[in-house]
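Shown next, in structure tokens, is the structure this report addresses.
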Amino acid sequence: MFKLKKKDLLQVSDLTSEDLFHLFELAKGLKNRHKRGELSVPILKGKVLGMVFAKPSTRTRTSFEVAMLQLDGHALNLSAEGTQISRGETMADTGRTLSRYLDGIVIRTFEQKEAEELAKHSTVPVINGLTDLHHPCQALADFYTIWEKKGSFKGVKLAYFGDGNNVCHSLMQTANLLGVEMLVVTPKSCQPRKEILAKLKNGPKKINITTSPKVSLSNIDFIYTDTWVSMGQEEIKKQKKIFRPYQVNGRLLKNAPSKVMVMHCLPAHRGEEITKEVIDGPHSIVWDQAENRLHLQKALLAALL
Ligand code: CP
Ligand code: NVA
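As numbered in the numbering used here, residues 7 to 311 make up the sequence shown, in order.
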């Protein structure tokens, strides 16, 4: 079994492009075995994953729990609210303690630096299950889905519409590692963070950013969007109207090739970032993305734990 270069996955840039292809191959193998009816693959027999969630989750929590069960391990749901984190115990002390019981930790929290602090003081691998700045597990499953649909990343072009925050950052970092061309279309006040963009410059420079929703989509293979109001930002972003021109709808798709595929990390808000006709229509691959969270995370757990 191959090992990832770093102990933790806190953002996609913790990985190399070699790591990504190893993960994709491993996920493909595990998915095929599952589809053939091999429901349990005893790679993580006896291992225990703790899942510390300070925000709601349907896909991330369920897919990690099912992944551990199907790899013959076990997962513990630890809502941050139910732990001493809610009473001020530090991430450092939480990490030191949990490392004495667990073989790995998934954390979904507000600030990226909290996940970093937990990882710094944990002796077991820490996986970021979403913070304000990154959502690496989502982007890995998304690019695995793209690879599955296209067979390779050669010439693939992705356009992202919406908020330039966590999901967008992780997609950009993955696209950068894989040399995929990505067009980021965000309102002026919701641009990706400069410090994250600056680090992309070390790799292939194929990420273009614009505030104009009237961009040419004539050679785009995938259109991606995310919610306009992220968890924990409900108070900050009441101005949904700034996002209106960036909606993924039938009119937008008319400017794209007829084979364009539409992606969304979910949960979706029909009538806001995406229309019902698009997400529930023939171009949508959102359920494949959601399913692949399971297979990709199995590969990740196998490689980290
Ligand atoms: N996409 C995603 O992470 O979904 P959940 O918030 O349901 O985990
Ligand atoms: N940007 C969204 C992603 C949800 C999976 C959020 O942070 O709420």
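Cβ atoms here follow ideal geometry from the backbone N, Cα and C, with glycine treated the same way.
Closest in C-alpha terms to M237, from the list I226, M178, A98 and E117, comes E117.
Under the three-state reduction of DSSP output, H40 falls in the helix class. Going by DSSP, F167 is part of the beta strand (DSSP E) stretching over K163 to F167. Taking non-hydrogen atoms of the ligand CP into account, the C-beta of R257 is found less than 7 Å away from none of them. Around the CB of T115, 16 or more other CB atoms lie within 10 Å, so the residue is classed as buried. Of all C-beta pairs linking the region 26 to 36 to the region 51 to 58, fewer than three are shorter than 8 Å, placing the two stretches out of contact.
For M74, the uninterrupted alpha helix (DSSP H) run begins and ends at R65 to Q76, by DSSP. Contact check between the region 8 to 22 and the region 155 to 173: fewer than three CB pairs, one atom from each, fall below 8 Å, which does not count as touching. Taking one beta carbon from each stretch, the region 224 to 232 and the region 253 to 270 have 3 or more pairs nearer than 8 Å; the two touch. For N172, no beta strand (DSSP E) segment is defined; the enclosing uninterrupted segment is the alpha helix (DSSP H) at N172 to L184. Look at H140 here: in three-state DSSP terms it is coil, with no helix or strand label. Shortest gap from the CB of S63 to any heavy atom of the ligand CP: under 7 Å.
In this chain, the alpha helix (DSSP H) harbouring L306 covers V292 to L310.
Bounds of the beta strand (DSSP E) holding E187 are E187 to V191. Shown here, Y230 sits in a strand according to DSSP, grouped into three states. As a beta-bridge residue in DSSP terms, G56 pairs with L82 and I111.
When the beta-carbon positions are compared, A296 and L32 stay at least 8 Å from each other.
Here P219 is near P251, since their CB atoms are less than 8 Å apart. For R67, the shortest separation between its Cβ and any heavy atom of the ligand CP lies below 7 Å. Annotated three-state conformation of H127 is coil, per DSSP. The ligand NVA has a heavy atom closer than 7 Å to the beta-carbon of N172. C-alpha of K194 to C-alpha of L203: approximately 15 Å in a straight line. Counting only the Cα atoms, Q303 lies some 8 Å from A147.
Under the 8 Å Cβ criterion, the region 102 to 115 counts as touching the region 129 to 138, having at least three qualifying pairs. Looking from the CA of K212, the closest CA among I280, G101 and K163 belongs to K163.
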